[in-house]
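Q: Per this note's numbering, the very first residue in the sequence shown carries number 84; after that it's consecutive. One structure, pasted below without further comment.
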Amino acid sequence: MSKVDDELTRRLRRAERPLNTDGVFEGLARRRSHRERIRRVQVGMLAFAVLASTASGFVALRHAFEGNKRATSESPAPALYSNGKIVFSRKGADGRFHLYAVQPDGSGLRQITADASNDTDPAVSPGGETIAYVHELDRKIPQDISEASPGTPRPAVIATVPIDGGAVSWHTPDKVFASDPAWSPDGSTIAFVATVDRTSRIMVLDVASDDVSVIAGDGEEEFANPAWSPDGEWLVFSARARGTSDPWGLWTMAPDGTQRRQVGWFSPERNAAAFSPDGKGVAVLLLQSDPREPDEVWTTALNREFEGLVTGGPPVALLTRSFGTSLQPDIAWAPDGRELLVSDGEWIYEVDATPTGDLQDNLTQLTRGTTPTWQPLPADVVTLTPEPSPEPSTSPEDERVMVEIGLPYRLCDATRLDGIDWLGDGTHGTAWVGTRALPDGSCPEGSDDGYGVAADFEGDGVADRWSGETIEHCVGCEPFEAVDLNGDGRDELIVVLQYFSIMQYGIYAALPVDGTTEVVAFRTGGPGHAQHALPEGEPFTFWVGGDAGSSDWLWCENLPELRLTGTFSQVDGAPDAKTTIHETHVSLGRDGIAHILDAETFTVVGEVDLQYATSKPDCGLGVDVQR
Numbered sequence: 084m085s086k087v088d089d090e091l092t093r094r095l096r097r098a099e100r101p102l103n104t105d106g107v108f109e110g111l112a113r114r115r116s117h118r119e120r121i122r123r124v125q126v127g128m129l130a131f132a133v134l135a136s137t138a139s140g141f142v143a144l145r146h147a148f149e150g151n152k153r154a155t156s157e158s159p160a161p162a163l164y165s166n167g168k169i170v171f172s173r174k175g176a177d178g179r180f181h182l183y184a185v186q187p188d189g190s191g192l193r194q195i196t197a198d199a200s201n202d203t204d205p206a207v208s209p210g211g212e213t214i215a216y217v218h219e220l221d222r223k224i225p226q227d228i229s230e231a232s233p234g235t236p237r238p239a240v241i242a243t244v245p246i247d248g249g250a251v252s253w254h255t256p257d258k259v260f261a262s263d264p265a266w267s268p269d270g271s272t273i274a275f276v277a278t279v280d281r282t283s284r285i286m287v288l289d290v291a292s293d294d295v296s297v298i299a300g301d302g303e304e305e306f307a308n309p310a311w312s313p314d315g316e317w318l319v320f321s322a323r324a325r326g327t328s329d330p331w332g333l334w335t336m337a338p339d340g341t342q343r344r345q346v347g348w349f350s351p352e353r354n355a356a357a358f359s360p361d362g363k364g365v366a367v368l369l370l371q372s373d374p375r376e377p378d379e380v381w382t383t384a385l386n387r388e389f390e391g392l393v394t395g396g397p398p399v400a401l402l403t404r405s406f407g408t409s410l411q412p413d414i415a416w417a418p419d420g421r422e423l424l425v426s427d428g429e430w431i432y433e434v435d436a437t438p439t440g441d442l443q444d445n446l447t448q449l450t451r452g453t454t455p456t457w458q459p460l461p462a463d464v465v466t467l468t469p470e471p472s473p474e475p476s477t478s479p480e481d482e483r484v485m486v487e488i489g490l491p492y493r494l495c496d497a498t499r500l501d502g503i504d505w506l507g508d509g510t511h512g513t514a515w516v517g518t519r520a521l522p523d524g525s526c527p528e529g530s531d532d533g534y535g536v537a538a539d540f541e542g543d544g545v546a547d548r549w550s551g552e553t554i555e556h557c558v559g560c561e562p563f564e565a566v567d568l569n570g571d572g573r574d575e576l577i578v579v580l581q582y583f584s585i586m587q588y589g590i591y592a593a594l595p596v597d598g599t600t601e602v603v604a605f606r607t608g609g610p611g612h613a614q615h616a617l618p619e620g621e622p623f624t625f626w627v628g629g630d631a632g633s634s635d636w637l638w639c640e641n642l643p644e645l646r647l648t649g650t651f652s653q654v655d656g657a658p659d660a661k662t663t664i665h666e667t668h669v670s671l672g673r674d675g676i677a678h679i680l681d682a683e684t685f686t687v688v689g690e691v692d693l694q695y696a697t698s699k700p701d702c703g704l705g706v707d708v709q710r
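So, in structure tokens, the structure goes:
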């Protein structure tokens with residue numbers, strides 16, 4: 084499936100999630116505490132139901148592999164590798180998806196492709212030198228296909244490119260709409276999903292000759308996400324009946340298409356699976372069709388005879404649940420087998436393969452992007468069985484993320500965004516949002532105050548400046564997007580300040596201050612609009628969303644101008660109830676000031692037609708505006 088279409092589907096699913104109806108007028112601390120209690124109660128209530136519905140599927144998984152038992156004593160054990168670069172797809176400044184790479188810790192962002200169309204679904208070869216990926220053809224989609232539902236394959240070929248960049252090679256004919264490439268362990272073939280004449284198939288590409296052959300597909304099924312076992316003897320893949328809304332099931336088969344066996348059916352509408360690098364386990368990503376339920380990552384332990392290794396207990400382990408975000412049907416193991424990568428279409432997350440703490444915390448934001456894969460590097464000494472992570476301290480502060488990025492102190496609760504052209508010179512810099520560690524190296528007890536932005540202007544992964552403690556309240560604050568908002572040729576950073584049903588955003592820029600370049604928060608210019616929570620001289624922020632009688636909109640025709648509208652009314656008011664309306668017209672200056680062009684607060688009775696709360700284009704900011 085095209086990852087561009089996957090992204091559209093993911094956004095629709097997220098938009099369907101019910102709004103948080105807790106009142107916003109009871110205080111930020113109370114809201115945060117309430118949401119945390121709800122989240123933990125959800126985990127407890129879902130645990131039994133999920134185990135009950137999923138266990139049968141994983142039992143089927145184990146028995147399916149037992150049924151696929153082959154004479155493997157003559158085959159050598161799969162070789163493991165160390166972790167190289169993480170390769171993924173990300174939307175570039177031109178609005179198209181390109182391939183990028185980062186180091187395992189998320190630093191050192193480097194763009195690999197820059198085609199005039201979308202490049203997605205990367206897969207790094209076993210030797211670590213070549214990337215296979217889906218190159219979308221830049222031509223009009225046939226009319227009968229463009230009218231199909233989201234997720235319809237687009238014209239695309241399997242292409243390869245050196246991981247360090249270079250000449251691109253196409254390997255499949257343009258009449259084959261290709262997706263989901265997966266290298267065989269010996270690097271000689273690539274399995275992929277192909278759609279030909281609106282019929283889904285799994286094909287195998289001979290890399291040397293470019294010959295392709297069909298190994299699955301009779302026109303009655305849809306296929307997705309083929310993945311190889313490390314010894315090259317099996318493929319695991321997803322399939323369902325064509326043209327239905329049936330759940331996707333997991334299957335296995337030999338590389339020639341024989342010995343196909345059903346692993347089991349799961350309740351989610353999508354899933355994906357991947358063998359662990361040592362061949363002893365399988366990770367399964369289960370995506371829920373109900374947006375109120377979390378997506379999940381599970382593993383099951385297997386030996387080379389495909390028998391469950393776990394005795395005296397269930398042969399499965401739940402690694403994490405993704406509350407608050409919808410994952411995509413892609414999962415990738417680290418070459419050393421210690422971690423996995425998943426994505427929600429905007430961010431790539433790291434999952435510990437042997438977690439020991441709270442499973443809700445086992446989803447660490449790494450870098451912005453989608454469809455991640457990991458470069459394997461030869462290793463002289465490799466531990467075949469992943470070792471458990473160290474036991475976490477009982478202190479909640481010790482479990483918080485701390486990073487050293489060149490500041491005189493560590494940054495706690497750090498989240499990051501790469502690819503920011505702070506200075507307008509083409510350099511891909513970085514932003515971190517977090518709070519300063521205390522002098523003793525620990526994180527402060529408070530979680531709402533003392534947050535700010537650190538900026539790397541030079542792209543070397545080292546912070547050059549700190550904004551100071553400019554974020555008054557942090558409720559899930561993080562860097563969100565980088566866009567040239569004021570037309571000065573430099574990116575401005577949009578930061579999510581408070582993350583719930585009414586989203587609050589702030590803006591940061593690199594500006595000259597006393598002869599040096601600093602990262603500063605945009606300030607509200609005079610005279611401000613205090614009734615709209617925009618006091619003069621304070622950091623400029625805006626809100627988008629609705630909750631408990633309060634609604635906020637962002638509207639603009641052309642940057643750098645923005646129009647902000649906010650309303651408040653009684654939740655259960657009578658037809659003649661009053662509504663208070665705030666309207667503020669601002670222009671984002673190159674001086675870091677949100678200049679107030681016009682401001683008004685008034686009260687109406689009954690309904691009112693708000694000009695700037697009806698069509699709300701977001702000026703390329705990418706924020707979740709109400710439509």
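We treat Cβ as the ideally placed atom computed from N, Cα and C, and that holds for glycine.
Helix, strand or coil: which one does DSSP assign to Asp444?
A: Position 361 of the sequence shown, counted from the first residue, corresponds to residue 444. Under the three-state reduction of DSSP, Asp444 is assigned to helix.
Q: Let's see if you can read the secondary structure: which residues bound the beta strand (DSSP E) around Ser633?
A: On the sequence shown, position 550 is the one that residue 633 refers to. First-last of the beta strand (DSSP E) with Ser633: 633-638.
Q: Report the rounded CA-to-CA distance for Val669 versus Tyr695, giving the unit in angstroms.
A: Taking the first residue of the sequence shown as position 1, residue 669 is located at position 586. Taking the first residue of the sequence shown as position 1, residue 695 is located at position 612. Distance between the alpha carbons of Val669 and Tyr695 is about 13 Å.
Q: Around the C-beta of Gly689, are 16 or more other C-beta atoms found within 10 angstroms, so that it is buried, or is it exposed?
A: Within the sequence shown, residue 689 is the residue found at index 606, counting from 1. Its Cβ having fewer than 16 others within 10 Å, Gly689 is exposed.
Q: When we look at the beta-carbon of Asp427 and count the other beta-carbons within 10 Å, is it buried (16 or more) or exposed?
A: For this step, residue 427 is matched to residue 344 along the sequence shown. Its Cβ being crowded by 16 or more others within 10 Å, Asp427 is buried.
Q: Would you check if there are 3 or more beta carbon pairs closer than 8 Å linking the region 405-420 to the region 440-458?
A: yes
Q: Starting from the Cα of Thr437, find the closest Cα among Pro377, Gly364, Ile488, Arg375 and give me that residue.
A: On the sequence shown, residue 437 is found 354 positions in, with the first residue counted as 1. Minimum Cα-Cα distance from Thr437 among the listed residues Pro377, Gly364, Ile488, Arg375 corresponds to Gly364.
Q: Kindly give me the distance between the Cβ atoms of Thr450 and Gly167, rounded to whole angstroms, as I take these residues to be in contact under 8 Å.
A: Working through the sequence shown from its first residue, we reach residue 450 at position 367. Working through the sequence shown from its first residue, we reach residue 167 at position 84. The Cβ separation is near 15 Å, so there is no contact.
Q: Less than 6 Å between C-beta atoms, sequence neighbours within five positions excluded: which residues of the same chain meet that for Thr663?
A: Counted from its first residue, the sequence shown places residue 663 at position 580. These residues qualify, in order along the chain: Phe651, Thr686.
Q: To the nearest angstrom, how far is the alpha carbon of Ala565 from that of Cys639?
A: Sequence index remark: in the sequence shown, residue 565 carries index 482 (1-based). Sequence index remark: in the sequence shown, residue 639 carries index 556 (1-based). Ala565 and Cys639 have their alpha carbons spaced roughly 17 Å apart.
Q: Taking 6 Å as the limit between beta carbons, can you name the residues of its chain near Arg284, skipping five residues before and five after?
A: What you label residue 284 is simply residue 201 of the sequence shown in a count that begins at 1. Within the same chain, Arg284 has close Cβ partners Ala277, Val297, Gly300.
Q: Go to Thr327, then tell me how far its beta strand (DSSP E) extends in each direction, as first and last residue.
A: By 1-based counting over the sequence shown, the position of residue 327 is 244. Looking at the DSSP string, Thr327 is not in any beta strand (DSSP E), and its letter there is neither H nor E.
Q: For Leu182, tell me which candidate among Val251, Glu561, Pro238, Pro209 has the shortest Cα-Cα distance.
A: Within the sequence shown, the letter at position 99 stands for residue 182. Nearest option by C-alpha distance: Val251.
Q: Grouping DSSP H, G and I as helix and E and B as strand, with all else coil, what is Ala613?
A: Taking the sequence shown and counting its residues from 1, the one referred to as residue 613 is at position 530. Ala613: helix per DSSP, three-state reduction.
Q: Would Thr403 and Val380 qualify as a contact pair, given that the criterion is a beta-carbon distance under 8 Å?
A: Residue 403 sits at position 320 when you count from the first residue of the sequence shown. Residue 380 sits at position 297 when you count from the first residue of the sequence shown. Yes, Cβ-Cβ distance for Thr403 and Val380 is below 8 Å.
Q: Give the DSSP-derived three-state secondary structure of Tyr582 in the structure shown.
A: Working through the sequence shown from its first residue, we reach residue 582 at position 499. Note: Tyr582 maps to coil in three-state DSSP.
Q: Locate the beta strand (DSSP E) running through Gln458, then write down its first and last residues.
A: Start at 1 with the first residue of the sequence shown, and residue 458 comes out as number 375. Per DSSP, Gln458 belongs to the beta strand (DSSP E) from 453-461.
Q: Using DSSP's beta-bridge definition, name the partner residues of Phe651.
A: Here residue 651 is taken as the residue at index 568 of the sequence shown, counted from 1. For Phe651, which the question treats as bridged, DSSP gives the partners Ser633, Thr663.
Q: Where does Tyr588 fall in DSSP's three states?
A: Along the sequence shown, read from residue 1 onward, the residue named residue 588 stands at position 505. Strand, per DSSP.
Q: Identify, in the order they occur along the chain, each residue of the same chain with its Cβ nearer than 7 Å to the Cβ of Leu490, setting aside the five sequence neighbours on each side.
A: Here residue 490 refers to the residue found at position 407 of the sequence shown. Once the five neighbours on either side are set aside, the close Cβ partners of Leu490 are Ala537, Ala546, Trp549.
Q: Which of the three DSSP states, helix, strand or coil, is assigned to Pro313?
A: Residue mapping note: residue 313 aligns to position 230 of the sequence shown, counting from 1. In this structure, Pro313 counts as coil in the three-state DSSP scheme.
Q: How about Ile214 and Pro187: do their beta carbons lie closer than 8 Å?
A: Residue numbering aside, residue 214 sits at position 131 when the sequence shown is read from its first letter. Residue numbering aside, residue 187 sits at position 104 when the sequence shown is read from its first letter. Their beta carbons are not under 8 Å apart, which means Ile214 does not touch Pro187 by this criterion.
Q: Based on the DSSP output, what are the partners of Pro562 in its beta bridges?
A: Counted from its first residue, the sequence shown places residue 562 at position 479. Answer by DSSP bridge pairing, in chain order: Val578.
Q: Which class does Tyr216 belong to by DSSP, given the choice of helix, strand or coil?
A: Working through the sequence shown from its first residue, we reach residue 216 at position 133. The answer is strand: DSSP assigns Tyr216 an E or B state.
Q: According to DSSP, is Tyr695 part of a helix, a strand, or is it coil?
A: Here residue 695 corresponds to residue number 612 of the sequence shown, with the count starting at 1. Three-state DSSP puts Tyr695 in a helix.
Q: Apart from the five residues on each side of it in sequence, which residues of its chain come closer than 7 Å, Cβ to Cβ, to Gly620?
A: On the sequence shown, residue 620 is found 537 positions in, with the first residue counted as 1. Answer for Gly620: Arg606, Thr607, listed in chain order.
Q: To the nearest angstrom, how far is the alpha carbon of Leu693 from that of Asp247?
A: By 1-based counting over the sequence shown, the position of residue 693 is 610. By 1-based counting over the sequence shown, the position of residue 247 is 164. The straight-line gap from Cα to Cα measures roughly 52 Å.
Q: By how many angstroms is the C-alpha of Asp567 removed from the C-alpha of Leu594?
A: Numbered from its first residue, the sequence shown carries residue 594 at position 511. Numbered from its first residue, the sequence shown carries residue 567 at position 484. Using only the alpha carbons, I get a separation of about 13 Å.
Q: In its own chain, which residues sit with a C-beta less than 7 Å from the C-beta of Gly632, not counting the 5 before and 5 after it?
A: By one-based count along the sequence shown, residue 632 stands at place 549. Take Gly632, set aside five residues on each side of it, and the residues of its chain with a beta-carbon closer than 7 Å to its own are Phe651, Ser652, Gln653, Val654, in chain order.
Q: Does DSSP classify Lys174 as helix, strand or coil?
A: Counted from its first residue, the sequence shown places residue 174 at position 91. Strand.
Q: Leaving out the 5 sequence neighbours to the left and right, which residues in its chain are closer than 8 Å to Asp571 when beta-carbon positions are compared?
A: Taking the sequence shown and counting its residues from 1, one reaches residue 571 at position 488. Gly507, Arg673, listed in sequence order.
Q: Please work out which residues of its chain come closer than 6 Å, Cβ to Cβ, to Val279, disregarding the five sequence neighbours upstream and downstream, and give them in chain order.
A: In the sequence shown, the residue the question calls residue 279 occupies position 196. Cβ neighbours of Val279 beyond the five flanking positions: Val259.
Q: So what does DSSP say about Arg573, is it helix, strand or coil?
A: Residue 573 sits at position 490 when you count from the first residue of the sequence shown. In the three-state scheme derived from DSSP, where H, G and I count as helix and E and B as strand, Arg573 is classed as coil.
Q: What's the gap between the Cα of Arg343 and the Cα of Leu442?
A: By one-based count along the sequence shown, residue 343 stands at place 260. By one-based count along the sequence shown, residue 442 stands at place 359. In a straight line, the C-alpha of Arg343 is about 34 Å away from that of Leu442.
Q: Ignore the nearest five residues each way along the sequence and tell me which others in Arg325's own chain have a CB closer than 6 Å to its CB.
A: Walking along the sequence shown from the start, residue 325 turns up at place 242. Same-chain partners within the cutoff: Glu303, Glu304, Glu305.
Q: Should Asn641 be labelled buried (16 or more other beta-carbon atoms within 10 Å of its own) or exposed?
A: To locate residue 641, count along the sequence shown from 1; it is residue 558. Flag for Asn641 reads exposed.
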